[in-house]
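Undergrad: Chains as they are written, first to last, in our numbering: chain V, 1345 to 1623; chain S, 108 to 522. Heads up, the beta-carbon is just placed ideally off N, CA and C, and yes, glycines get one too.
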Ligand code: SF4
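1) Less than 8 Å separating the Cβ of residue 410(S) from some heavy atom of the ligand SF4?
2) With 9 Å as the C-beta to C-beta threshold (strictly closer), list the residues of the region 1543-1577 of chain V near chain S in chain order.
3) In the DSSP output, what is residue 402(S) paired with across the bridge?
4) Does the structure place the region 469-477 of chain S close enough to the region 1450-1463 of chain V that three or more beta carbon pairs sit under 8 Å?
5) Can you tell me which residues form a DSSP beta bridge with residue 1336(V)?
6) If you reduce the DSSP assignment to three classes, tell me which class residue 307(S) lands in.
7) If you drop the 5 nearest sequence neighbours on each side, which residues of the same chain put their C-beta closer than 6 Å to that of residue 449(S)?
8) Who are the neighbours of residue 1478(V) on chain S, taking C-beta pairs under 9 Å?
9) Can you pull the chain S neighbours of residue 1437(V), defined as C-beta to C-beta under 7 Å?
10) Does DSSP put residue 463(S) in a helix, in a strand, or in coil?
11) Give the residues of chain S in contact with residue 1463(V), contact being defined as C-beta atoms less than 7 Å apart.
12) What's the call for residue 1366(V), buried or exposed, on a 16-neighbour Cβ count within 10 Å?
13) Have a look at 1490(V), 1503(V), 1548(V) and flag the residue whose alpha-carbon is nearest the alpha-carbon of residue 1518(V).
14) For a contact meaning CB atoms closer than 7 Å, what does residue 1447(V) contact in chain S?
15) Below 9 Å between beta carbons: does that hold for residue 454(S) and residue 386(S)?
16) Could you have a look at residue 1434(V) and say whether DSSP puts it in helix, strand or coil?
17) Applying a beta-carbon distance threshold of less than 8 Å, which residues of chain S neighbour residue 1610(V)?
18) Tell me, please, whether the CB atom of residue 347(S) is closer than 9 Å to any CB atom in chain V?
19) Can you determine whether any heavy atom of the ligand SF4 sits closer than 8 Å to the C-beta of residue 171(S), and answer yes or no?
20) Decide if residue 110(S) is buried, meaning its Cβ has at least 16 other Cβ atoms within 10 Å, or exposed.
21) Residue 493(S) lies in the alpha helix (DSSP H); which residues open and close that run?
22) Could you tell me the alpha carbon to alpha carbon distance between residue 344(S) and residue 357(S), rounded to whole angstroms?
23) So for residue 498(S), helix, strand or coil by DSSP?
24) Note down the Cα distance separating residue 166(S) from residue 1557(V), rounded to an integer number of angstroms.
25) Tell me whether residue 1605(V) sits in a helix, a strand or coil according to DSSP, three-state version.
26) At 7 Å on the CB atoms, spell out the chain S contacts of residue 1633(V), in chain order.
27) Would you say residue 1345(V) faces chain S, with C-beta separation under 9 Å as the test?
28) Quick one: which unbroken alpha helix (DSSP H) runs of 4-plus residues sit fully inside the region 422-468 of chain S? Chain order, please.
29) Within 8 Å: the Cβ of residue 467(S) and any heavy atom of the ligand SF4?
30) Answer yes if the region 216-224 of chain S comes into contact with the region 236-250 of chain S, meaning at least three C-beta pairs across the two stretches below 8 Å, and no otherwise.
31) Applying the criterion that 16 or more other CB atoms from any shown protein chain within 10 Å of the CB defines a buried residue, is residue 145(S) buried or exposed?
32) Mind pulling the chain C residues with CB within less than 7 Å of residue 1475(V)?
33) In the DSSP assignment, what are the bridge partners of residue 1372(V)?
34) Less than 8 Å between the CB of residue 311(S) and some heavy atom of the ligand SF4, yes or no?
35) Taking all protein chains shown into account, decide if residue 272(S) is buried (16 or more other Cβ within 10 angstroms of its Cβ) or exposed.
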């Protein structure tokens, strides 16, 4: 930090705030500047060394922002592995961070659905961005990214190919089981009957949507975030069909939690008066 | 959250020492009675006809207390599969399955804790279906294994108001137990002795209530997690004057804490209500999680379930019938909502935790929309955590932690 106050102010203005969302399958890092704009980001597999994934993600995001590490201000960690981000100044739950990240962009009352690698969350925010209520899915992989990973494995397909298959299918099989293991058995039966793979994948997407709809009445405007929607926009289309109303997907849906964490970092470590953290 | 201490020491209650001694004496007496045949041993469900058994000279053992020991010692999850293997489903009461599983393995945490060789052999088993059907099926297992009689009170469930018809039927059921109990006890029921036991049980209830009501003070001198441990004598020794003495001691200590402004949770900022059973194997973790967020669980349905204010020395049979039917667990949703509303107001609650025990629907009050209705009535947030009393396979540390922390964030940010 320079000695002269003008220099200090300039340095502060140039500072970047970091959010690390260490999820069960992916580590997301977002850097925002003093104005709350996204300046750099990274998404990479969490692997088995969470700390290393967080550090590598931060470096990558800095490179992308074209910024030197010295410009880094505070860091807030969130996600399943938030306690493993030893360099974080504070930790917040994904529930808060997703709410903050989405509200920052949309600034209105919302119902946020985050479909993550391991769990799903529904977060209701009022017009001022305050959290009214939240719910998490049951202790079960059904309806989460992990479910789709299992299905891809069962069908011997790369995960990245699922969306195109689902989007191109005109039919969808019904997967009626709550249980991922049983759903896979159902898939076997469909395969034996010669059902096209696209219809099975679309059925699996519909099953994700069904699990989400069971969690909450999902009132008002619905926003979808998380890795599943980022890589599988057809899930959003199916949710829209199911709800009979538009579903908003913000830019960088997978980064919503990391952006929220970065925005919390920007506001300092004290509790925010409101979840939305006015931009 | 940022300014909350990240780790928080759990404050020890001094009376914990005398309580351990008292529980030790209780188990020693049970053990001696069973081994030396110096007294008959009855196994009783936790809100079963304990006073009647005690009045007839039985030493009374509570398998649910044993279940909780299996839970706190984290042995339950190891033994549950043993019971599953002989046909008791993983979805039924995990007290039952862990207790039966431990029995099949011929092991008990009582050996390590109190030097007992095994659970005390019963001469008789007595249940009350007021809490669930599982106690009957659980005791039936032991009745077959030990070839001893099983008796019970069949209380209706989901009761709105306890009325004269309920009481007439239930009082008759209590009276009808007597001949069989006398036969096994080898003595006649002395009504004065029953009155004495009921009177002692009633005084114990009032003292236990006083202990729990201490939680209405700010800061609260006792947490729910303390309560789950200190309720031991109210469960297993009600009707015995030593339980009264113990709660006098505990109540005095809490009174001291209140006078000195001593908080159970340092810097208490948030006050919570816990509905449903504890997750026995996670008591310490939960206590620490709340304390780290300057949150105190000041009241619970569970600890309050051992308050039996209708016990009546004058009319012991009717009093028992009423006391053991008026319980929260026996009642319909409308009553439960009124009860929770009163508790939330009396204790100044900021948030409610509903624990959905996957193997105990009877103690899980989230399943018929109650949390949503309560949130509307009270205007305070809640979380439902999925877990279990004993089967840790039904519980996720990570999900629970995230849900609790999210609730803390929400409340701290509102504050
Ligand atoms: S009330 Fe629940 S925990 Fe208690 S014995 Fe019955 S089923 Fe088991």
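TA: Reading off the structure:
1) As a first step, residue 410(S) is located in the second chain; it is residue number 303 there, counting from the start. Residue 410(S): no, Cβ never under 8 Å from the ligand SF4.
2) The residues in question: there are none.
3) Walking along the second chain from the start, residue 402(S) turns up at place 295. Answer is 377(S), bridged to residue 402(S).
4) Not touching, per the Cβ criterion.
5) There is no way to answer for residue 1336(V), as the model of chain V reaches only from 1345 to 1623.
6) Taking the second chain and counting its residues from 1, one reaches residue 307(S) at position 200. The answer is helix: DSSP assigns residue 307(S) an H, G or I state.
7) Here residue 449(S) refers to the residue found at position 342 when the second chain is read from its first residue. Answer for residue 449(S): no residue qualifies.
8) As a position in the first chain, residue 1478(V) is number 134, starting the count at 1. Within chain S, the residues near residue 1478(V) are 488, 490, 510, 513, 514, 517.
9) Taking the first chain and counting its residues from 1, one reaches residue 1437(V) at position 93. When 7 Å is used as the limit between beta carbons, residue 1437(V) is near these residues of chain S: 509, 512, 513, 516, in chain order.
10) Residue mapping note: residue 463(S) aligns to position 356 of the second chain, counting from 1. Reduced to three states, the DSSP call for residue 463(S) is strand.
11) The residue labelled residue 1463(V) in the question sits at position 119 within the first chain. Within 7 Å Cβ-Cβ: 506.
12) In the first chain, counting from the first residue as 1, residue 1366(V) sits at position 22. Its Cβ being crowded by 16 or more others within 10 Å, residue 1366(V) is buried.
13) Locating residue 1518(V) in the first chain gives position 174, counting from the first residue. Residue 1548(V) is the option with its Cα nearest to residue 1518(V).
14) Taking the first residue of the first chain as 1, we reach residue 1447(V) at position 103. Those do not exist, as residue 1447(V) stays about 13 Å from chain S at its closest Cβ, beyond 7 Å.
15) In the second chain, counting from the first residue as 1, residue 454(S) sits at position 347. In the second chain, counting from the first residue as 1, residue 386(S) sits at position 279. For the pair residue 454(S) and residue 386(S), the CB atoms are not nearer than the 9 Å cut-off.
16) In the first chain, the residue the question calls residue 1434(V) occupies position 90. Under the three-state reduction of DSSP output, residue 1434(V) falls in the strand class.
17) The count along the first chain starts at 1 and reaches residue 1610(V) at position 266. Residues of chain S passing the Cβ test: none, with the nearest at roughly 14 Å.
18) Counted from its first residue, the second chain places residue 347(S) at position 240. Put simply, the CB of residue 347(S) is far from chain V, with every gap to its CB atoms at 9 Å or more.
19) For the purposes of this step, residue 171(S) is identified with residue 64 of the second chain, where counting begins at 1. Yes, since a heavy atom of the ligand SF4 falls inside the 8 Å radius drawn around the Cβ of residue 171(S).
20) Counting from one through the second chain, the residue named residue 110(S) turns up at place 3. For residue 110(S), the pLDDT reaches just 39, beneath the cut-off of 50, and the residue's location in the model is therefore unreliable, although a value from the coordinates is still provided. Answer is exposed; the Cβ neighbour count stays below 16.
21) Mapped onto the second chain, residue 493(S) falls at position 386. Premise fails: residue 493(S) lies in the beta strand (DSSP E), 489-494, not in any alpha helix (DSSP H).
22) Here residue 344(S) is taken as the residue at index 237 of the second chain, counted from 1. Here residue 357(S) is taken as the residue at index 250 of the second chain, counted from 1. Counting only the Cα atoms, residue 357(S) lies some 15 Å from residue 344(S).
23) As a first step, residue 498(S) is located in the second chain; it is residue number 391 there, counting from the start. Residue state, collapsed to three classes: coil.
24) Numbered from 1 along the second chain, position 59 holds the residue referred to as residue 166(S). Numbered from 1 along the first chain, position 213 holds the residue referred to as residue 1557(V). Residue 166(S) and residue 1557(V): Cα-Cα distance of roughly 53 Å.
25) Here residue 1605(V) refers to the residue found at position 261 of the first chain. Correct three-state label for residue 1605(V): helix.
26) Since the first and last residues shown for chain V are 1345 and 1623, residue 1633(V) lies out of range.
27) Position 1 of the first chain, counted from the start, is the residue given in the question as residue 1345(V). Bear in mind that a pLDDT of 40 at residue 1345(V), under 50, signals an unreliable position, so the number given afterwards is only what the model happens to contain. At a cut-off of 9 Å between beta-carbon atoms, residue 1345(V) makes no contact with chain S.
28) Taking only runs of at least 4 residues, the alpha helix (DSSP H) segments lying wholly in the region 422-468 of chain S are 423-430, 440-453.
29) Along the second chain, read from residue 1 onward, the residue named residue 467(S) stands at position 360. Result yes, Cβ under 8 Å from the ligand SF4.
30) Counting Cβ pairs under 8 Å, fewer than three are found: no touch.
31) Translated into positions along the second chain, residue 145(S) becomes position 38. Result: exposed.
32) The question asks about chain C, but that chain is absent: this structure's protein chains are V and S.
33) For the purposes of this step, residue 1372(V) is taken as the residue at position 28 of the first chain. Looking at the DSSP assignment, residue 1372(V) forms a beta bridge with 1365(V), 1387(V).
34) Counting from one through the second chain, the residue named residue 311(S) turns up at place 204. Flag unset: Cβ of residue 311(S) not near the ligand SF4.
35) Residue mapping note: residue 272(S) aligns to position 165 of the second chain, counting from 1. If you draw a 10 Å sphere on the C-beta of residue 272(S), you find fewer than 16 other C-beta atoms in it, and that means exposed.
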